[in-house]
Every structure is written in C-alpha cells, then in structure tokens.
Amino acid sequence: MLSFTTGRRILKEYFVASSIEEALAYLSAHHGEAQLLGGGTHLLPQIQRGEGVAQRLVDVSHIHPMTKISLQDDYLLIGGAVTLEDLLEEELVRQQAPLLLEAVQDMGSPSLRHLATVAGDIVSAEGLSRLSVALVTLEAEAEITNLTGAQWLRLERLFVRKGLSRVDSTAEILTAIRLHPWGAGQGMALEGGQRTRGQAGGTVLLGIALTLDATGEQLAGLVITLSSAETIPQRLGQVEEALEGRTTSEALHELPRLVRQVAQELAIPPQEAASLALRAFRRALEMARKRPLPSQGSR
Ligand SMILES: Cc1cc2nc3c(=O)[nH]c(=O)nc-3n(C[C@H](O)[C@H](O)[C@H](O)COP(=O)(O)OP(=O)(O)OC[C@H]3O[C@@H](n4cnc5c(N)ncnc54)[C@H](O)[C@@H]3O)c2cc1C
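In this note's numbering, the protein residues as written are 4 to 302.
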C-alpha cells in the first residue's frame, strides 16, 4: 500500500489492478472512496487542485486485455486502457479507422499521448476532444463493465454535459470500444478544434462519415457529429436524415444551411459549424471516391 499527498488532499492508497475483476472488487470494497485512474492526465491535476472526491486510486492502465487492439467478429476492438500513442502506432487502426489517427495526431504533446487512455478521454467528456468526436462519428460503442456484468452502449449516450459522463468511475469500468472497420465507398473527416503551431484553434469541432451507394453519386449513409468547447459531442440526426438518399451535389448544396440551423439551436457558432461541415464533407467525399464499391470501380 502506498500513501501520499497530492496538493490539499491525502490519498490513502494507490492500487494497481491486474485484472478487471480485481479492479471492480477494489471499487466495491471501498465504495465511493475509490476511483479509476487511466493515464492520470485529467484526474491527477483535478485531485491536485482539490477537486477530486477519491481517497484511493485504482490504476487500470496495466490490465492486459484492456491494452489490446484487435479485429474480432467484424469489429475493430480497442481496449479502454489503450493509449493515444498506441492508436497512432497500431497498423490496424491505420487500415481500419484512419479517422482515429487524424483525431489523435493533433492531441496534446507526445508525453500526453504516451499516458492518456481512450477510456480516460471519453469519461472526461470534453467537448473539444478530437478522439471522442471521431469515435461518435464512427458510431463506436463502449463496453461498460460492473459487478452485474458488461453491456455495450452507443458512445454518444455516455455524455451528459461538458465534464460529466454517465460512466461512474467509482463503480464501473469502460473496458473497451468497438466499431465497424472502414468499408468500400466510405469516407470520413474531422475539422476544427485543433491547436496548430502553439496557437489556439477554433472552438467548434465537427466529424463526418459518409457512405456512397454503388453508383458513387448518392449518399447511402451519413453521420455528422458536432461539438464545441462548451458542449458534448452530439449527432446531428435531423441533418443526417434530411440528406441520406440525396445525390452528393444536392447534399453539398443543402448541408451548410441545415448545419447552421441546428448549430444555432445548440448555441454553437453557426457560421463556423457550417464551414467546417462543408470542408469535412468535401474531404470525406474525396476519400470515399478513392475507395469505391467494386461495381463503381468497374463502371
Ligand atoms: C497538458 C494537457 C494537454 C491536454 N490536451 C488535450 C487535447 O489536446 N485534447 C483533449 O481531448 N484532451 C486533452 N487533455 C485532457 C486529457 O489529457 C484527456 O482527456 C485524456 O485523454 C484523459 O485520459 P487519461 O487516461 O489520462 O484519464 P485519467 O486522468 O486517468 O482519467 C480521466 C477520467 O476518466 C476516468 N477513467 C479513467 N479510466 C477509466 C476507465 N477505464 N473506465 C472508467 N473510467 C475511467 C477517471 O476516473 C477520471 O474520471 C490534456 C490534458 C493535459 C494535462
């Protein structure tokens, strides 16, 4: 047992769990006093500022199955303790979910990416998290495990408001993420929010994933995720429904107006959201056209 002081708070114990069962048993034995720790890049500064409730930390970053990335049952499976650096280095991610690379390469510094985990990023529920917006755009699901078992939930359902997720990290573990690999006729892009050359970027972040039909001219599927510094990542269901089945040129024409309208309702800068949407859509379209469905390729 290790006991130490961080800022104004005295931590009674730092426990390194070696299995999911062990971590859950520890949380249960110290109900409400213990909290999970991933890379600690979000939680430890919080504790140092005297904001955390935890007196005991349960480090889940060394639980072997939670550090793996694999292809299983038609899903790309990413353990909750996978770090942002792991995502950047994993060939499967490059091949099957390039949007995640696009998301992570601009996040924080190399030392932050070395520590920060996928689950920690999601549970932190920050609106400008490029990883969370990319995962929602890829229609990812999260596996939440507690003493009663495990269940898969759509990722966007985990966010309550900025800084608050539905995952109770004093009682349950986000053990994994799963998503469908990149298919033919699909394109995806993320725009906004990043920091470049040390300068603050925009305050809006938008992700698009689209699927073209066999003709290559119509939208068979569309996902749009919008977020801002003050909100959580949200799917724009109304816009998606209005544009699915339309031709790509109709969609390009309609998209800025529809996004502006919804962004206004969400109190997100509408003009910024609309121009990000247009840029993301064009890039996603270009990507989808480079990897057409077989019937398109032979036309
Ligand atoms: C200098 C700096 C720069 C940053 N830059 C960025 C940036 O550019 N973009 C960005 O999005 N974020 C950024 N962040 C925020 C932060 O690093 C990320 O949110 C990070 O991904 C958190 O991951 P972590 O593993 O360190 O989480 P932790 O700090 O370990 O935990 C965060 C929360 O998640 C909970 N938790 C951890 N693991 C689990 C689990 N498996 N199951 C359930 N709950 C869990 C914890 O209890 C805690 O509530 C930055 C932070 C710092 C300090």
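Backbone N, C-alpha and C fix where the C-beta goes; we use that ideal spot for every residue, glycine too.
In terms of DSSP beta bridges, what is residue i paired with?
{"i": "methionine 191", "result": "Ala212"}
{"i": "aspartate 62", "result": "Val19, Leu40"}
{"i": "arginine 181", "result": "Leu80, Glu144"}
{"i": "leucine 153", "result": "The question names leucine, yet the displayed sequence has alanine at residue 153. Per DSSP, Thr148."}
{"i": "leucine 167", "result": "Arg164"}
{"i": "threonine 250", "result": "Gln221"}
{"i": "glutamine 75", "result": "Tyr78"}
{"i": "valine 207", "result": "Ser231"}
{"i": "isoleucine 50", "result": "DSSP lists no partner for isoleucine 50."}
{"i": "isoleucine 176", "result": "Thr148"}
Report the residue from the options whose alpha carbon sits nearest the alpha carbon of residue i.
{"i": "phenylalanine 284", "options": "Pro297, Gly224, Ala232", "result": "Gly224"}
{"i": "glutamate 288", "options": "Leu193, Ala266, Pro113", "result": "Looking at the sequence provided, one finds leucine at residue 288 rather than glutamate. The shortest C-alpha separation from leucine 288 is found at Leu193."}
{"i": "alanine 128", "options": "Ala232, Arg286, Glu243, His117", "result": "Ala232"}
{"i": "glycine 210", "options": "Ile125, Val265, Glu105", "result": "Glu105"}
{"i": "leucine 131", "options": "Ile271, Arg286, Ala277", "result": "Ile271"}
{"i": "valine 126", "options": "Val163, Arg263, Glu94", "result": "Val163"}
{"i": "valine 145", "options": "Arg294, Gln274, His117, Glu175", "result": "Looking at the sequence shown, residue 145 is not valine but alanine. Considering only alpha carbons, the answer is Glu175."}
{"i": "leucine 141", "options": "Asn149, Leu158, Ile147", "result": "Leu158"}
{"i": "methionine 290", "options": "Gly55, Glu88, Thr218, Leu102", "result": "Leu102"}
{"i": "leucine 253", "options": "Gln264, Gly240, Gln221, Thr228", "result": "The amino acid at residue 253 is misidentified as leucine; the sequence shows glutamate. Closest option to glutamate 253, Cα to Cα, is Gln221."}
{"i": "valine 262", "options": "His117, Pro297, Gln241, Glu247", "result": "Gln241"}
{"i": "aspartate 109", "options": "Ala217, Gly248, Leu134", "result": "Leu134"}
{"i": "glycine 190", "options": "Thr218, Arg292, Ala37", "result": "Arg292"}
{"i": "glutamine 17", "options": "Leu296, Glu92, Gln38, Ile227", "result": "The sequence as given places tyrosine at residue 17; glutamine does not occur at that position. The option with the nearest alpha carbon to tyrosine 17 is Gln38."}
{"i": "glutamate 94", "options": "Leu79, Ala32, Gly83", "result": "Leu79"}
{"i": "isoleucine 227", "options": "Glu244, Ala217, Thr218, Gly219", "result": "Glu244"}
{"i": "asparagine 149", "options": "Leu118, Ala137, Ser172, Leu138", "result": "Ser172"}
{"i": "valine 136", "options": "Arg116, Val107, Ser112", "result": "Val107"}
{"i": "alanine 26", "options": "Gly43, Val63, Glu36", "result": "Val63"}
{"i": "alanine 217", "options": "Gln75, Arg294, Leu115, Asp77", "result": "Arg294"}
{"i": "leucine 40", "options": "Ile72, Val85, Gly195, Ile81", "result": "Val85"}
{"i": "leucine 206", "options": "Thr251, Leu279, His117", "result": "The sequence given here has threonine at residue 206, not leucine. Selected option, being the one with the closest Cα: Leu279."}
{"i": "valine 61", "options": "Gln274, Ala32, Gln75, Asp76", "result": "Ala32"}
{"i": "histidine 45", "options": "Val121, Tyr29, Ala28", "result": "Val121"}
{"i": "alanine 187", "options": "Gly55, Gln75, Gln58, Leu296", "result": "Leu296"}
{"i": "glutamine 58", "options": "His34, Leu74, Ile81, Lys71", "result": "His34"}
{"i": "threonine 250", "options": "Glu92, Ala277, Gly219, Ile81", "result": "Gly219"}
{"i": "alanine 100", "options": "Leu118, Pro113, Asp77, Ser114", "result": "Asp77"}
{"i": "glycine 196", "options": "Ala276, Leu138, Ile147", "result": "Ala276"}
{"i": "leucine 74", "options": "Val96, Leu138, Gly42", "result": "Val96"}
{"i": "isoleucine 147", "options": "Leu161, Val139, Gly111", "result": "Leu161"}
{"i": "leucine 138", "options": "Gly83, Leu115, Glu92", "result": "Gly83"}
{"i": "serine 230", "options": "Gln98, Leu208, Gly248, Glu247", "result": "Leu208"}
Counting only C-beta atoms, is residue i closer than 7 Å to chain C at any point?
{"i": "isoleucine 180", "result": "This model lacks chain C altogether, as it is built from one protein chain only."}
**Study point:** Inter-stretch contact at 8 Å, needing at least 3 Cβ pairs: the region 247-260 / the region 181-189
**Key:** no
Review point. In chain order, which continuous runs of the beta strand (DSSP E) of length 3 or greater are located wholly inside the region 210-246?
Key: For the beta strand (DSSP E) assignment, the uninterrupted runs of no fewer than 3 residues enclosed by the region 210-246 are, from N- to C-terminal side, 222-231.
**Study point:** Cβ contact check for the region 38-50 and the region 147-159: 3 or more pairs under 8 Å
**Key:** No: the two stretches stay apart, fewer than three of their Cβ pairs being nearer than 8 Å.
Check your understanding: Does the region 213-220 touch the region 233-242, meaning 3 or more C-beta pairs lie closer than 8 Å?
Key -> no
Review point. Between the region 108-126 and the region 165-175, are three or more C-beta pairs nearer than 8 Å?
Key: yes
Check your understanding: Enumerated in chain order, which unbroken segments of the alpha helix (DSSP H) with a length of 4 residues or greater are wholly contained in the region 80-142?
Key -> 87-92, 94-99, 101-107, 113-118, 121-127, 133-140
Review point. Contact between the region 14-21 and the region 53-69: three or more CB pairs below 8 Å?
Key: Yes: at least three Cβ pairs fall under 8 Å.
Practice item. Report the residue ranges of all alpha helix (DSSP H) runs contained in full by the region 261-287; include only those spanning at least 4 residues, in chain order. Key: none
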